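These notes concern the structure reproduced below.
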Amino acid sequence: MSSSPDLLRTALAPCTTYAFDLDDTLHSFRAASSAAATAVFEYIVASTNTENPTLLHQPGDKAAATTTIDVPRLRALYATILKAKTANAFADGATRTSDDYRKERFAALLHAAGLSLADPPSPSPPSAPSSSPSPNDATDELELESSPYLTALAATYKTALRASLALKPGAAPLLRALKARPGRRVVVVTEGPRDAQLWTLRELGLLKETGGFVDEVVTTGDVGRAKVEEGFWGEVLRRVGGGDRVLRAEEVAVVGDSWERDVVPAREAGCVVVWYCEGGGDGAGAGEGRDGVLRVDALDRLREAVETESGV
């Protein structure tokens, strides 16, 4: 269910800047990252003892000795690690790259599976029990950088991610319609390492510098705060205003898929908010109108409102 075209046009009329979330708003991140992670899991399984892929933990650990290294187990371990490692929404990413984050996660995965960083991975020494995931175990940065196996895993992830990238239906026509309107700017405000998000936008052909539509990109690493943290949107408005001008919140339309991370913080900051609830959403907290939350279940709904207002 979407807000009516008239309601969308009226609420969006004052907006000069459209701030889009990237992951699962403009492109299908969950599907792409899941495919990339699966490629990593398959690489690990293939490069371990494929004839008898059994985790060897501490001597005498009969339970661990019967645990196989397979994709479902690695996926379960990785889910726990991913949740812990991304809790800060990459707000510390000003000096870290996507490879840094990925190698850290993969090192934690190998540790949780009882494997070393060798290529092929070998059982961890008895002093490093790994019967359960340990996402917070620190791994020496030099070891992360120098491990050929982690480098191979990161490369495998990136290759599979590239092959799986796909724009959301209607994303390109919507951005094209917005750029056809005089005085309108398109920015991407996203959680994630800056280098990874710029890479994704380039691969998708969305950056202005490569003939796309996006004028500017702001990441949580740039701001040093997660989207849900106080002051995040104030800093974004300052950054995308241009020169010494700070954009007024009511001039900005924020479009995102997450109620908690996109809609609520931007709404509290005073921005016009469009909740992209693909497929209908669950309706939780959704309202309509300038003081509520606009909603679209497809990006084409937003494009239709934009084109009608601009006379395209």
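Residue numbering for the sequence shown follows my numbering, starting at 14 and increasing by one per position. In this text, a Cβ means the ideal position worked out from N, Cα and C, and glycines have one as well. All of these numbers come straight from a predicted model, not from anything done at the bench.
- Here the alpha carbon of Gly127 sits roughly 22 Å from the alpha carbon of Thr99.
- Distance between Thr203 and Trp246, taken at the CA atoms: about 11 Å.
- Close CB contacts of Leu95 within its chain, under the 7 Å cut and outside five residues either way in sequence, are with Arg118 (chain order).
- Taken through DSSP and simplified to helix, strand or coil, Phe226 comes out as coil.
- Proximity to Ala209 across Arg189, Gly183, Ala185 and Leu178 peaks at Leu178, based on C-alpha coordinates.
- As for any alpha helix (DSSP H) of minimum length 4 sitting wholly inside the stretch 173-230, the runs are 184-192 and 207-216, ordered along the chain.
- Apart from sequence neighbours up to five positions away, the residues of its chain that approach Gly292 with a beta-carbon distance below 8 Å are Asp310, ordered along the chain.
- Ala52: member of the alpha helix (DSSP H) spanning Phe42 to Ser60, first to last residue.
- Taking C-alpha positions only, Arg258 is separated from Val249 by approximately 12 Å.
- DSSP, read as helix, strand or coil, puts Phe103 in coil.
- When the beta-carbon positions are compared, Gly283 and Val276 stay at least 8 Å from each other.
- Secondary-structure assignment with DSSP links Asp36 through a beta bridge to His40.
- Between Val53 and Ile82, the CB-CB gap reaches or exceeds 8 Å.
- Looking at Gly225, Val253, Arg175 and Leu219, the one whose alpha-carbon comes closest to that of Thr232 is Val253.
- Spatial neighbours of Arg215 in its own chain (CB-CB distance under 8 Å, excluding positions within 5 residues in sequence) are listed in chain order as Thr223.
- Secondary structure of Thr233 (DSSP, three-state): helix.
- Just so you know, the alpha carbons of Tyr31 and Ala266 end up roughly 5 Å apart.
- When secondary structure is reduced to three states using DSSP, Leu130 falls in the coil class, being assigned neither helix nor strand.
- Looking at the DSSP output, Val84 bridges to nothing.
- From the listed residues Ala97, Leu122, Lys221 and Leu312, the smallest Cα separation to Pro182 is found for Leu312.
- Around the CB of Glu317, 16 or more other CB atoms lie within 10 Å, so the residue is classed as buried.
- The Cβ atoms of Phe42 and Gly234 lie no closer than 8 Å to each other.
- Only residues of its own chain outside the window of five on either side were considered, and among them Ala50 and Leu122 have a CB closer than 7 Å to the CB of Tyr91, listed in chain order.
- Arg308 is bridged by DSSP to Trp288.
- The beta carbon of Gly244 is closer than 7 Å to those of Arg238 in its chain, skipping five residues each way along the sequence.
- In the DSSP secondary-structure assignment, Thr30 is bridged to Arg198 and Val265.
- In the displayed model, Lys240 falls within coil according to three-state DSSP, outside both helix and strand.
- DSSP places Ala89 within a helical segment (H, G or I) once states are collapsed to three.
- Here Ala176 is exposed, its C-beta having fewer than 16 other C-beta atoms within 10 Å.
- Of the candidates Asp19, Thr321, Thr172 and Cys28, Thr172 places its Cα closest to the Cα of Ala48.
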